[in-house]
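The next block holds one structure in the form of structure tokens; read it before the comments.
There are 2 protein chains.
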Amino acid sequence: MEQGMEISKHEADGLIVTLDAAEFNKAVGRVMAAAEARSKIPILTHILIEVDPETGLSLFGTNLDMQAEAGFVPESARIDQGGRLCVDGAMIHQISGRMKGELTLIESKGRLRLVCGRAKADLPTLPAGDFQKLGDMEGAVIVEVASGALKAGLASVQHCISTEETRYYLNGIYLECGGGNLVFTATDGHRLGHLEVTASGEALPHFEGVIIPRKAVQAFLKLAEVHDGEVVLSISDRMVQLACGRDAYRTKQIDGNFPDYHRVIPKDQPIHMEVPVPDLKEALNIVVAASSDKSSAVRLTPTEGRLTLSVRNEFRQAEAVIEHDDIPPAEPFGLNGKYLQQALDRIDAPLVKIGMTDAATPFRFEAEGSDLLQVIMTLRA
Amino acid sequence: MEQGMEISKHEADGLIVTLDAAEFNKAVGRVMAAAEARSKIPILTHILIEVDPETGLSLFGTNLDMQAEAGFVPESARIDQGGRLCVDGAMIHQISGRMKGELTLIESKGRLRLVCGRAKADLPTLPAGDFQKLGDMEGAVIVEVASGALKAGLASVQHCISTEETRYYLNGIYLECGGGNLVFTATDGHRLGHLEVTASGEALPHFEGVIIPRKAVQAFLKLAEVHDGEVVLSISDRMVQLACGRDAYRTKQIDGNFPDYHRVIPKDQPIHMEVPVPDLKEALNIVVAASSDKSSAVRLTPTEGRLTLSVRNEFRQAEAVIEHDDIPPAEPFGLNGKYLQQALDRIDAPLVKIGMTDAATPFRFEAEGSDLLQVIMTLRA
């Protein structure tokens, strides 16, 4: 080969490992969830690769607020020599993703060589010491939870996370323990989602409530999706970690006080109606399509056995009617149509139960067979 | 109903038609290809709806350069009254897309009412006369062509259309007749695609070469994709139209001279090689992944029975080797890796034939079983 592309294993002065290109690529993809694809700080675009003849490979990515780890002993792999280095994560992900079959990684003179069949690539490295791991989880409370339950908790309320940066303490999901359950709550001040899920068979240890940032919620969800069975939450003073086997996401908590959300959940509501979810979704889709302004304010008018949805603006008007026995007459009220659509998307039951006090008080949305409680503030209708 | 949402058929002072919501929605979608979703000129966001008890529905959309028409006699529909009006295309598309089953359109007092089951919407209209149809196709040369052949012609060369607005005459596909065939050519000055396809059984009438703008190329392709069998091209002095039944796209031609491309197609090349397409694609993917700079310059080094692809920049280097009998030794040359990838994507054969004069002269790419000729200029390697 020309242009000095030849590094043989003899010249290696660090790690030498041979493994399946696809398996390596997948692990790199997992830790890239925490790394930055582009950053002015080079180390944030880099992943840390640790190779240990005893324990196999460990990959790490970080954005300084969150850290991802993927550990594995590659199947049918050979570790000839251990070592540690950092390399551009997006680049090695892109290149290894186009390689098939056996891939050998060789470190030599500050560079990492990828060899796969008749193809090779040569990438610059940074010292392993440049990678800043998040502090460890010492003293953390350990909670085992079924991956499905954790997923339900996060996925059911995450649409209520606020995107307003000034209310940073609402930019995540509040996780606490209550009544022996894990309790997930998110709110953006206009709506609220709240779900209690059973942890594992054993008694839930006590921990102080923590706010898990939005980006970590998404990473946790991804991890819970690919792992069945039990996963392990670790909650320390300043961090939260979700681990499945040797894969883990660790995140700093949002440092703030989650508001006392209990007082915004309306209780003892005098008016209750049950509405068929498919009909309500269909009606809502039509009137929201006609609204197109930012607030998407939809007016809902309950009359005996009938709920009329309508929008009316300068240009257009639309209306759709749903009929159902369990609709009592009540004063018309206004809701954000998009919030209502998202709330219904979380309901996997034929009927939604709507609790109402009056047109100015928040509404409750619940459904048979689910503990998910959703609250939506009213708009002027 | 409240708020004056009630328009009954008796109040109609224009069109009344009942048809399947999905069928209507699909036709609106087709003509929206020419309309603008957003524009400061209201009529450009509007579609024209014409209802005629004899001929059925005709919908039109325009951006003043291109016009789309969808004509149909709706199945199991009822036209109670004819009429013509303009309505916001994106809005009626969005609303009717959420309606299911029988949809009735009623015009009354400058508004269009949609009624579908228990849902209705009420939209403002503009007078039909505000819609500016493109001039007609009088005196046009008519060419019948199999939809598959037209699709092949457009799809094989469209990646070579220039995006440089200053070279507006390259912003489309040049269509001419030559040797009894339809000839499609596109070039951006760095590469060229050229394909001759047989029109229909009958003799191809003569017409002057025309430049079909990129947006029309995409619309033509869409139309050719949904229609099997013969389609009809009409070529007038200033316009080109593609019609399939009562669906048609009509476009202004690009008013300019397409350059004499024959002189950039290299002839009598002394060096020829054949390279397996899957191997070349795989090798190219790896080295292009490592390049990541804008030019994507890839160096190709042919030695006896072997072609080495390599990239080398400030940070990285990568190389991949392909072996094949029909590779003669030649001087190394440089090509834009992304152009080469796109050229290979159009080749549906196991081997690509590469014709070479020297490292400074454009390369030809052809394949067995296809008339597609592609030319790529060289880069300094």
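Sequences listed follow chains A and B, in order.
Heads up: the first sequence runs through residues 0 to 380, numbered per numbering that gives the first Met the number 0.
Heads up: the second sequence runs through residues 0 to 380, numbered per numbering that gives the first Met the number 0.
C-beta atoms are modelled at their ideal positions from N, C-alpha and C, and glycine is treated no differently.
Point to revise | Other residues of its chain near B/Leu-149: CB distance less than 8 Å, five sequence neighbours each side excluded | key: Leu-181, Val-196, Phe-219, Ala-223, Val-230, Leu-232, Leu-241
Check your understanding: Less than 7 Å separating the beta-carbons of A/Thr-377 and A/Gly-333?
Key -> yes
Exercise for review: Enumerate in chain order the residues of its own chain whose CB-to-CB distance from B/Gly-3 is below 8 Å, with the five nearest sequence positions on each side excluded.
Suggested key: Only weak support exists for where B/Gly-3 lies, its pLDDT of 45 falling under 50; the value from the coordinates is given anyway. Taken in chain order, the list of residues that qualify is empty.
Point to revise | DSSP beta-bridge partners of B/Asn-180 | key: B/Gly-177, B/Thr-197
Exercise for review: Verify whether the separation of the beta carbon atoms of A/Asp-344 and A/Glu-273 is less than 7 Å.
Suggested key: no
Review point. DSSP state of A/Val-50, grouped into three classes?
Key: strand
Exercise for review: For the stretch 239-256 of chain A and the stretch 130-145 of chain A, state whether three or more C-beta atom pairs, one from each stretch, are separated by less than 8 Å.
Suggested key: yes
Exercise for review: Could you pull out every residue in the same chain whose Cβ sits closer than 7 Å to the Cβ of A/Leu-125, ignoring the five residues on either side in sequence?
Suggested key: Pro-41, Ile-42, His-45, Cys-85
Exercise for review: With a floor of 3 residues, list each beta strand (DSSP E) that falls wholly inside the stretch 66-97 of chain A, ordered by position along the chain.
Suggested key: 77-80, 82-87
Review point. Touch check for the stretch 71-83 of chain A and the stretch 50-63 of chain A: three-plus C-beta pairs under 8 Å?
Key: yes
Practice item. Classify B/Leu-14 as helix, strand or coil using the three-state DSSP reduction. Key: coil
Exercise for review: Please report how far the alpha carbon of A/Asn-62 lies from the alpha carbon of A/Val-209, in whole angstroms.
Suggested key: 20 Å
Review point. For the beta strand (DSSP E) that A/Tyr-338 lies in, which residues bound it at each end?
Key: It is not in any beta strand (DSSP E) - A/Tyr-338 instead sits in the alpha helix (DSSP H) that spans 336-344.
Review point. Does A/Pro-123 have its Cβ less than 7 Å from a Cβ in chain B?
Key: yes
Review point. Under the three-state reduction of DSSP, which class applies to A/Ala-317: helix, strand or coil?
Key: strand
**Study point:** Alpha carbon of B/Arg-237 to alpha carbon of B/Glu-318, nearest angstrom
**Key:** 50 Å
Exercise for review: Check whether the Cβ of B/Ala-118 lies closer than 7 Å to any Cβ atom in chain A.
Suggested key: yes
Check your understanding: Considering only residues of the same chain and omitting the five flanking positions on each side of B/His-92, which have a CB-CB separation below 7 Å?
Key -> Asn-24, Val-27, Gly-28, Met-31
Practice item. Can you grab the Cα-Cα spacing for the pair A/Pro-204 / A/Val-142, in whole Å? Key: 7 Å
Check your understanding: For the candidate residues A/Gln-66, A/Cys-159, A/Ser-155, A/Ala-120, whose alpha-carbon lies nearest to that of A/Gln-131?
Key -> A/Gln-66
Check your understanding: Just checking my contact of A/Gly-171 with A/Pro-265 at CB under 8 Å: how many whole Å lie between their CB atoms?
Key -> Their Cβ separation, rounded to whole angstroms, is 24 Å, which puts A/Gly-171 and A/Pro-265 out of contact at 8 Å.
Practice item. Consult DSSP for A/Pro-123 and reduce its assignment to one of helix, strand or coil. Key: strand
Exercise for review: Kindly list, in the order they appear in chain B, the residues whose Cβ is closer than 9 Å to that of A/Ile-42.
Suggested key: Residues of chain B passing the Cβ test: none, with the nearest at roughly 15 Å.
Point to revise | Own chain residues within Cβ distance below 7 Å of A/Arg-213, not counting five before or after | key: Ile-160, Asn-170, Gly-171
Practice item. Compare the beta carbon distance of B/Ala-89 and B/Ala-36 with 7 Å and say whether it is the shorter of the two. Key: yes
Review point. When Cβ atoms are compared, which residues of the stretch 160-171 of chain A fall closer than 8 Å to chain B?
Key: none
Exercise for review: Specify the secondary structure class of B/His-45 as computed by DSSP and reduced to three states.
Suggested key: strand
Review point. Could you give the distance in angstroms between the alpha-carbon of B/His-261 and the alpha-carbon of B/Cys-243?
Key: 32 Å
Practice item. Check each residue of the stretch 91-121 of chain B: if its Cβ is closer than 7 Å to any Cβ of chain A, include it; give the result in chain order. Key: Gln-93, Ile-94, Arg-97, Met-98, Arg-117, Ala-118, Lys-119, Ala-120, Asp-121
Review point. From the beta carbon of A/Phe-332, is the nearest beta carbon of chain B less than 7 Å away?
Key: no
Check your understanding: Does the beta-carbon of A/Arg-315 have 16 or more other beta-carbons within 10 angstroms, so that it is buried, or is it exposed?
Key -> buried
Check your understanding: Nearest-angstrom Cα distance between B/His-193 and B/Ile-270?
Key -> 21 Å
**Study point:** Cβ shell of B/Met-0 (< 7 Å), same chain only, five flanking positions each side left out
**Key:** For B/Met-0, the pLDDT reaches just 39, beneath the cut-off of 50, and the residue's location in the model is therefore unreliable, although a value from the coordinates is still provided. Excluding positions up to five away in sequence, the list is empty.
Point to revise | Separation of B/Glu-175 from B/Gln-341, as counted between CA atoms | key: 24 Å
Check your understanding: Any idea if A/Asp-121 is buried or exposed, counting beta-carbon neighbours within 10 angstroms, 16 or more meaning buried?
Key -> buried
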